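Worksheet: one structure, shown below.
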Amino acid sequence: MKGLSILGSTGSIGTNVLRVVDAFEGRFRVVGLAAGGNVERLAEQVARYRPRIVSLQDAGALERLSRLVDLSGIRALAGTVGMVEVATASEAQTVVASAVGAVGLVPTYRALEAGKDVALANKETLVMAGELMLARARDTGARLLPIDSEHCALHECLDGRRVEDVKRLILTASGGPFRGRPRETLDRVTREEALAHPTWRMGPKITIDSATLMNKGLEVIEARWLFGVPASRIDVIIHPQSVIHSLVELVDGTVLAQLGVTDMRMPIQYALSYPERWPAAIPGMDFSQALRLEFEPPERAKFPCLALAYRALEAGGTAPAALNAANEEAVAAFLDGRAGFTGIPETIEAVLESERPAPAGSLEDVLDADRRARERARQILARRPAARVLT
Ligand SMILES: NC(=O)c1ccc[n+]([C@@H]2O[C@H](COP(=O)([O-])OP(=O)(O)OC[C@H]3O[C@@H](n4cnc5c(N)ncnc54)[C@H](OP(=O)(O)O)[C@@H]3O)[C@@H](O)[C@H]2O)c1
C-alpha cells in the first residue's frame, strides 16, 4: 500500500484524489490530510480515512474540527508548520500537492527535500520556485509528476523521448468563457460570468485564471521547469472542446497528441499509478458520436495575462514569483468585488513594472519577492477607481 499525504484534501482536486483512492481499494493508505478552512469536509474525510496526521489553516479551525470528529490517535496541527508536517510524514511515500496558491510552496518544497514523490496540481509552487524545486528533486531522487491535465498529456507524449528531438510543446486551452466576446466589453463581466467555465469544474481561483488565460501562462512556466524546454519552444493554442489535452511536435514534423475525457481523475490516476497503468475507473472517450476538434490562436491582445507570464519567465529570477503573487491578489480582489476583470492584468503589469527581478537563489528570496509583490498589488488595487468595481 502506498502511503499518501494530501495537501488541499477538501478542494476540487483533493476530493477527486480521494475518489481515485476509493476506486483502487487496497492500493493506498491515507496518512495525512491538510486543508484550509472547510472544517466540515475535513471532518468527514478524517472519519472515513483515519489519517495519522491532519492540519488546518489556523488554530480556530482546528478547534472546530475537534468538536466535529474524534481526533484520538491523530496528530492535529495548524498553519504552515502543520502542512509541512503532513507533507513530510514518515509513512507518506507520495505527497499530492493540491492546495491552491503560494500557501503550498514551503510544504511542497519540504516534501521534495524529504525525498517524497510529489504529484503536483498546485502549479503556483513551480511558477514561484521551479528551479529550486527541480534542484531539490534531483538531489533527493524524488519524482515530480504533474496532475495538471495538460502537463500529464505532455508527460505521456514525451515519455522516453530526448528533449533534442522535441521541436515544441503545445499547450491546449479551452479559451474560457470569454472566447469570442468583444474585448471592449471585458471590463463589465461579472464574477458569475467569469466563474462559468465551459468545459471544466474547478475551484474559483483556477477558474478565474482560465477566464483571463493566466492559467495558460502559469502552465507555460510550469512546463518550462517540468520538461526543461525553453519558453521559446512552448506554444499555446485554443481548443474549445478540451478533448486534446496537449501536443508535442517533434523535429521531424510528427505531432503527438493525448486525448481524453474532461475528468481530473484521469490525470490524478496517471500520476498516482505511474509508471504502471491501471484500468480506468471512469467511462472513456465515446467515438460513436460525431466529434469536432477545433483549433485557433489565442487572442493575445484581449487576454494580456498570457504575454505577462512569458515576460516574467523571460525576465527570470523572482519575476515569476512576483507575477504569481500579483495575480493571486488581483483574482482575490475580483472575486470579492474590489476589482473589475480587466483590473487583473492591469494590476499584474503594474507590479511587474515596479519590481526589478532579483536572483531566486533560495526559498527566502522567493518568499521575499512574493511578499513585496503582494504589498504592491494591494496598494494598486486600493487606488483603483470604484467605477471599475463590479459584483
Ligand atoms: N480543479 C482542477 O480541475 C485543477 C486542474 C489542474 C490544476 N489545478 C490546480 O490545483 C490546485 C487546487 O485547485 P482546486 O481547483 O482544487 O482549488 P480549490 O477547490 O479551491 O481547493 C483548494 C484547496 O486548498 C486548500 N487551502 C486553501 N487555503 C489554504 C491554507 N491557507 N492552508 C491550507 N490549505 C489551504 C483548500 O482548503 P479549504 O477548502 O478547506 O479552505 C482546498 O482544500 C490549484 O493550484 C489549481 O491551479 C486544479
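The sequence shown: position 269 = 268 (numbering that gives the first Met the number 0), numbered continuously. Built from N, CA and C at the ideal position, the CB exists for glycine as well. All figures in this text were calculated on a predicted structure; none of them were measured in a lab.
Cα-Cα separation, residue i to residue j
i: VAL219; j: LEU170; result: 8 Å
i: PRO197; j: VAL99; result: 21 Å
i: LEU217; j: ILE347; result: 13 Å
i: MET127; j: ASP69; result: 37 Å
i: SER89; j: LEU119; result: 19 Å
i: ARG74; j: ARG178; result: 47 Å
i: GLY31; j: TRP277; result: 24 Å
i: SER4; j: ASP21; result: 15 Å
i: VAL38; j: LYS204; result: 20 Å
i: LEU104; j: GLU275; result: 28 Å
i: ALA134; j: ALA110; result: 13 Å
i: ARG371; j: SER353; result: 10 Å
i: GLY129; j: LYS166; result: 22 Å
i: GLY35; j: GLY7; result: 7 Å
i: GLY227; j: ASP164; result: 13 Å
i: ALA279; j: PRO266; result: 11 Å
i: ALA321; j: VAL350; result: 7 Å
i: LEU405; j: ARG66; result: Nothing about residue 405 can be read from this structure; the chain reaches only from 0 to 390.
i: PRO296; j: PHE302; result: 12 Å
i: ALA91; j: GLY25; result: 15 Å
i: LEU64; j: ALA42; result: 6 Å
i: VAL242; j: GLU298; result: 20 Å
i: CYS151; j: MET284; result: 17 Å
i: VAL254; j: MET263; result: 24 Å
i: LEU362; j: PHE286; result: 47 Å
i: ARG375; j: ALA368; result: 11 Å
i: ALA113; j: ALA86; result: 9 Å
i: LEU17; j: ARG182; result: 40 Å
i: TYR309; j: ALA46; result: 44 Å
i: PHE23; j: GLN44; result: 17 Å
With 16 other Cβ atoms within 10 Å as the buried cut-off, status of residue i
i: LEU292; result: exposed
i: PRO50; result: buried
i: ARG289; result: It should be noted that the sequence gives Ala, not Arg, for residue 289. Exposed: under 16 other Cβ atoms inside 10 Å.
i: VAL102; result: buried
i: ALA96; result: buried
i: THR189; result: exposed
i: SER148; result: buried
i: PHE27; result: buried
i: VAL162; result: exposed
i: THR184; result: exposed
i: GLY252; result: exposed
i: GLY59; result: exposed
i: PRO344; result: buried
6 Å Cβ shell around residue i - same chain, five flanking residues per side excluded
i: ALA332; result: ALA338, LEU380
i: ARG40; result: THR9
i: ASP57; result: ALA77
i: GLN392; result: In the structure as shown, the chain begins at 0 and stops at 390. Residue 392 is therefore absent and cannot be evaluated.
i: ASN326; result: MET213, ILE347
i: LEU194; result: THR206
i: VAL29; result: LEU3, TYR48, PRO50
i: ALA256; result: ILE243, LEU246
Spatial neighbours of residue i in its chain, beta-carbon cut-off 7 Å, leaving aside the 5 residues before and after
i: ARG373; result: ALA324, GLU328
i: GLY202; result: GLY10, SER11, VAL99
i: LYS122; result: ASP147, LEU217, GLU218, GLU221
i: LYS215; result: LEU170, ALA172, VAL235, LEU305
i: GLU192; result: PRO176
i: PRO145; result: LEU119, CYS151, HIS154, LEU225, ALA270
i: LEU61; result: LEU55, ALA75, ALA77
Beta bridge counterpart(s) of residue i as assigned by DSSP
i: ALA359; result: Its beta-bridge partners do not exist; DSSP assigns none.
i: THR93; result: LEU3, ASP116
i: GLU295; result: ILE237
i: VAL254; result: GLU248
i: VAL412; result: With the chain covering 0 to 390 only, the question about residue 412 has no answer from this structure.
i: ALA77; result: LEU55
i: ALA172; result: ILE237
i: VAL29; result: LEU3
i: ILE243; result: LEU258
i: PRO229; result: In DSSP, PRO229 forms no bridge with anything.
i: PRO145; result: LEU119
Cβ neighbours of residue i in the same chain (closer than 8 Å, five flanking residues each side left out)
i: ILE200; result: The sequence as given places Arg at residue 200; Ile does not occur at that position. Once the five neighbours on either side are set aside, the close Cβ partners of ARG200 are SER11.
i: ARG387; result: Here the model assigns ARG387 a pLDDT of 48, short of 50, so the residue's position is not dependable, and the following value carries that caveat. Cβ neighbours of ARG387 beyond the five flanking positions: ASP186, ALA338, GLY339, THR341, GLY342.
i: MET132; result: THR107, TYR108, LEU111, THR124, LEU125, LEU143, TRP224
i: THR93; result: LYS1, GLY2, LEU3, SER4, LYS115, ASP116, VAL117, ALA118, LEU271
i: GLU84; result: GLY31, ILE52, SER54, ARG74, LEU76
i: ARG377; result: GLU328
Near ligand 3: residue i beta-carbon under 7 Å from a heavy atom
i: SER97; result: As for ligand 3, it is missing from this structure, which binds only ligand 1.
Taking 8 Å as the cut-off, does the segment 157-177 touch the segment 227-241 (at least 3 CB pairs, one atom from each stretch)? yes
How do the segment 241-256 and the segment 154-166 stand: do at least 3 beta-carbon pairs fall below 8 Å, yes or no? Yes: at least three Cβ pairs fall under 8 Å.
Is there contact between the segment 133-144 and the segment 203-222, where contact requires at least three CB pairs shorter than 8 Å? Not touching, per the Cβ criterion.
Per the contact definition of three or more C-beta pairs closer than 8 Å, is the segment 342-357 in contact with the segment 312-322? Yes, they touch.
Is it the case that the segment 219-231 contacts the segment 78-97, given that we only count it when at least three CB pairs across the two stretches are under 8 Å? No, they do not touch.
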